[in-house]
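Read through the structure below, which is laid out as structure tokens, and then see the notes.
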Amino acid sequence: MVTSVSGKKKAGLTHALHHIASAEGFVAALYALFGDKKADQILSLSYYVLVTKNEALDDFWDFDLSHVHPCGSEISSSESSAILASITEEHVNEFYKIIRKANPTRSKEEHFCAFDGTAFASFSNDLSEVEVSKGKQDPDLKHFAMAAVYSSRERRCAYYRIYRGNVPDSKTIDNFVDVAKAMGYNFSRVALDRGYCSWNNLQRLHYDCRYDVIMCIKSNMTVYKDSLKSVRGTFEEDCTRYLSEHGVYAKTVRQEIVLTDDEKKEYPTKVHVHVYYNRMKAADQEPKLYGELEDSIASLTEKVASKELSVKDAQKRLFTCKHKSLIIVRKTGNSTCVFEMDTKAVDEARGKLGYFMLISTEDLSAGQVLDIYRAKDGVERVFNNAKNDIGFDRPAVKTDATLQGKVFIIMLAGMISTVIRNRMRDHRKELTRKMTYNKLLKELDCMYTFEIKGKTTWCEVSDRQAMILKCLDVPLPVEPKKVTAKLKKKRGPKPKV
């Protein structure tokens, strides 16, 4: 007769998370940096924020009661604060260096890195990294910024850093370059978003660091205007220029630009400017442009009528609105004025709708460059995973020390989440499109264990759960013959005889 049976706990999801963390080298790196006990606590906190979508760390006791996790015991609020405060920037850098060495890069391959940044809002004014910025999320709050590097080979975040929210994106490249060199990365090329577009960055990356660069360029740059002027009307109707996989027309022109370094030394450089035209995007943008212009004019007219904006200030253009450069002010009296569209400027803006450009230092086709650039959305997924999968929209900490630790916990969970999503994409045929990320986590979270006389026993594992674990490259916790509750295909009604 069994006399000692413990209550069951959820174990399937944490089993999968821990196996992924071990296979990726995260567990070994944490043990090397923090020792076994603290490493297990950090892992448990990361699994907790992933499973609960960043619930307050004060509620870890509930997770401890319901789930199996590496630490195996409750982590109190004071303990979690101490753990977060003990994680320094040096620990973060060393962690990425260790997992980097666990997966060494072969010399000069076709893989690339992508670099991007984002902002997170905070209610706390005590954080030194928090500052007024142009962050889109909660614009009324102060923000801190985070930049991340994505490696196309590892298909995950290769490094990140926190910095003040008011630092422009284009000024963060130098730090990335220095860290990448220190960590021994041997990227053959770098893909950068429009926010990092500057000739100084291009010179630094291409000449000082010997990277090939693919960069999205801004529409107000001379090279953009010259390239558009030279090719507009020559390829938008040419079926041979259509890239069906991207739904755009494309043409490449060569331009010569002169780059300069900090010592004003000049570097004449021949670059390839790839001009793309998206007909559907142009059709969507035109009515939007006119609608926003009409709204801006109506709003400004109302402000003048209510004397919220004086005619004198309006003439001096001391107002803010969308498409301000496309609006002219015409005085009609001492106390009245009229806001109108600048027809010439509007026509020029309309002529740019649907176009975008990428610049490359390599002699690649427009299709190849766009393939690489759009593959860089991996770095955007790093932030999306943190914000959406983990639910990290605000840090909920009050000190700089705990901010660094909280972000590390979140990014560790985010990297595991990235691995799961990558393997879901690789096995989309087996999982089908109905198996979403959240459904997958929920399915694994329904796998239980219980103890009989100190021995851990797994409850029944369904065929669907076994298939998910196989797709994630996670071994079954039980022998295959014990997998039960096999899936049955639904059959339609029997045909009438």
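Using our numbering, the first residue of the sequence shown is number 188, and each one after it goes up by one.
The C-beta atom is built at its ideal place from N, Cα and C for all residues, glycine as well.
These numbers were taken from a predicted model, which means no experiment stands behind them.
Buried versus exposed, by CB contacts within 10 Å (16 or more), Met598: Within the sequence shown, numbered from 1, the residue matching residue 598 stands at position 411. Classification of Met598: buried, given that the 10 Å Cβ count is 16 or more.
What are the start and end residues of the beta strand (DSSP E) that includes Arg517? Sequence index remark: in the sequence shown, residue 517 carries index 330 (1-based). Segment Ile514 to Lys518, the beta strand (DSSP E) holding Arg517.
Straight-line Cα distance separating Ser486 from Gly685: Coverage of the chain is limited to positions 188 through 684, which leaves residue 685 absent and any answer about it impossible.
Which class does Ser649 belong to by DSSP, given the choice of helix, strand or coil? Along the sequence shown, one-based indexing puts residue 649 at 462. Strand at Ser649.
Could you round the C-beta distance between Lys563 and Tyr337 to whole angstroms and report it? I think they count as a contact, below 8 Å. Mapped onto the sequence shown, residue 563 falls at position 376. Mapped onto the sequence shown, residue 337 falls at position 150. About 7 Å separates the two Cβ atoms, so the contact holds.
Buried or exposed (CB count within 10 angstroms, at least 16 for buried), Gln652: Numbered from 1 along the sequence shown, position 465 holds the residue referred to as residue 652. Gln652 should be labelled buried.
Taking the alpha-carbon of Val400 as reference, which of Tyr429, Asn362, Thr447 and Leu545 has the nearest alpha-carbon? Taking the first residue of the sequence shown as 1, we reach residue 400 at position 213. Of the listed residues, the one whose Cα sits closest to Val400 is Leu545.
Out of Gly565, Val462 and Asn241, state which residue places its alpha-carbon closest to the alpha-carbon of Gly578. One-based indexing of the sequence shown puts residue 578 at position 391. Residue Asn241 is the option with its Cα nearest to Gly578.
Beta carbon of Ser414, beta carbon of Val460: below 7 Å? By 1-based counting over the sequence shown, the position of residue 414 is 227. By 1-based counting over the sequence shown, the position of residue 460 is 273. A contact, by the Cβ cut-off of 7 Å.
Inter-residue Cα distance where the pair is Trp248 and Lys451: In the sequence shown, the residue the question calls residue 248 occupies position 61. In the sequence shown, the residue the question calls residue 451 occupies position 264. Taking the straight line joining both Cα atoms gives about 60 Å.
Measuring only the C-alpha atoms, how far is Pro257 from Ala203? In the sequence shown, the residue the question calls residue 257 occupies position 70. In the sequence shown, the residue the question calls residue 203 occupies position 16. For Pro257 and Ala203, the distance between alpha carbons rounds to 12 Å.
Please state whether DSSP places Lys284 in a helix, a strand or coil. For the purposes of this step, residue 284 is taken as the residue at position 97 of the sequence shown. Residue state, collapsed to three classes: helix.
Outcome for Gly199 when other beta-carbon atoms lying within 10 angstroms are tallied against a minimum of 16: Working through the sequence shown from its first residue, we reach residue 199 at position 12. Gly199 should be labelled buried.
Could you say if the segment 273 to 289 and the segment 535 to 549 meet the contact criterion of at least three C-beta pairs nearer than 8 Å? no
Going along the chain, which unbroken runs of the beta strand (DSSP E) with 3 or more residues stay wholly within the segment 392 to 464? 399 to 403, 435 to 447 and 453 to 464
Please say whether Ala378 and Tyr542 have beta carbons closer to each other than 7 Å? As a first step, residue 542 must be located in the sequence shown, where it is residue number 355. As a first step, residue 378 must be located in the sequence shown, where it is residue number 191. Not in contact: Tyr542 and Ala378 (Cβ atoms no closer than 7 Å).
Provide the residue(s) that pair with Tyr337 in DSSP beta bridges, ordered along the chain. In the sequence shown, residue 337 corresponds to position 150, counting from 1. According to DSSP, which records beta bridges pairwise, Tyr337 is partnered with Ala301 and Cys344.
As assigned by DSSP and simplified to three states, the class of Cys633: Locating residue 633 in the sequence shown gives position 446, where the first residue counts as 1. Coil, per DSSP.
Looking only at its own chain, which residues have a Cβ that is under 8 Å from the Cβ of Cys633, when we skip the five neighbours before and after it? The sequence position of residue 633 within the sequence shown is 446, counting from 1. Around Cys633: Lys197, Gly199 and Gln652.
CB-CB under 7 Å to Arg517, same chain, minus the five flanking residues each way: which ones, in chain order? The residue given as residue 517 occupies position 330 in the sequence shown. Closer than 7 Å at Cβ, skipping near neighbours: Cys524, Val525 and Glu527.
Short Cβ contact (7 Å threshold) for Tyr218 with Ala226: Here the question's residue 218 lines up with position 31 in the sequence shown. Here the question's residue 226 lines up with position 39 in the sequence shown. A contact, by the Cβ cut-off of 7 Å.
On the criterion of 16 or more Cβ atoms from any shown chain inside 10 Å, does Gly194 qualify as buried, or is it exposed? The residue labelled residue 194 in the question sits at position 7 within the sequence shown. Label assigned to Gly194: exposed.
Leu237: buried (16+ other C-beta within 10 angstroms of its C-beta) or exposed? Counted from its first residue, the sequence shown places residue 237 at position 50. Result: buried.
Would you tell me roughly how many angstroms separate the C-alpha atoms of Thr439 and Gly538, rounded to the nearest one? Counting from 1 along the sequence shown, the entry for residue 439 is found at position 252. Counting from 1 along the sequence shown, the entry for residue 538 is found at position 351. Answer to the nearest angstrom: the Cα atoms are 19 Å apart.
Give me the Cα-Cα distance between Asp223 and Thr456, rounded to the nearest whole angstrom. Within the sequence shown, the letter at position 36 stands for residue 223. Within the sequence shown, the letter at position 269 stands for residue 456. Those two C-alpha atoms are separated by around 52 Å.
Skipping 5 residues on each side, what residues in its chain have a beta carbon closer than 7 Å to that of Asn465? Along the sequence shown, read from residue 1 onward, the residue named residue 465 stands at position 278. Here the set comprises Gly434, Val435 and Gly541.
State buried or exposed for Cys300, treating a residue as buried only when at least 16 other CB atoms are found within 10 Å of its CB. The residue given as residue 300 occupies position 113 in the sequence shown. So Cys300 counts as buried.
Would you say Leu513 and Asp529 are within 7 Å of each other, going by their C-beta atoms? Position 326 of the sequence shown, counting from 1, holds the residue named residue 513. Position 342 of the sequence shown, counting from 1, holds the residue named residue 529. Against a cut-off of 7 Å, the Cβ pair of Asp529 and Leu513 comes out as a contact.
Shortest alpha-carbon distance to Gly382 belongs to which of Ser375, Ile404, Arg391 and Tyr394? Taking the first residue of the sequence shown as position 1, residue 382 is located at position 195. Out of Ser375, Ile404, Arg391 and Tyr394, Ile404 has the C-alpha closest to the C-alpha of Gly382.
Does the separation of the CB atoms of Cys658 and Glu617 fall below 7 Å? Numbered from its first residue, the sequence shown carries residue 658 at position 471. Numbered from its first residue, the sequence shown carries residue 617 at position 430. Yes, the Cβ-Cβ distance between Cys658 and Glu617 is below 7 Å.
Tell me which residue opens and which closes the beta strand (DSSP E) that Ala378 is part of. Within the sequence shown, numbered from 1, the residue matching residue 378 stands at position 191. Counting along the chain, the beta strand (DSSP E) containing Ala378 begins and ends at Arg376 to Leu379.
Measuring only the C-alpha atoms, how far is Leu392 from Phe307? For this step, residue 392 is matched to residue 205 along the sequence shown. For this step, residue 307 is matched to residue 120 along the sequence shown. Approximately 27 Å between the Cα atoms of the pair.
Of the residues Phe637, Arg608 and Arg612, which one's Cα is nearest the Cα of Leu628? Counted from its first residue, the sequence shown places residue 628 at position 441. Nearest option by C-alpha distance: Arg608.
Bounding residues of the beta strand (DSSP E) (the contiguous stretch that carries Ile546): The residue labelled residue 546 in the question sits at position 359 within the sequence shown. Per DSSP, Ile546 belongs to the beta strand (DSSP E) from Tyr542 to Ser547.
I need the straight-line Cα distance from Gly565 to Arg343, nearest angstrom please. If you number the sequence shown from 1, residue 565 lands on position 378. If you number the sequence shown from 1, residue 343 lands on position 156. C-alpha separation (whole angstroms): 7 Å.
Proximity below 7 Å, CB of Leu446 to CB of Trp386: The sequence position of residue 446 within the sequence shown is 259, counting from 1. The sequence position of residue 386 within the sequence shown is 199, counting from 1. Cβ atoms of Leu446 and Trp386: closer than 7 Å.
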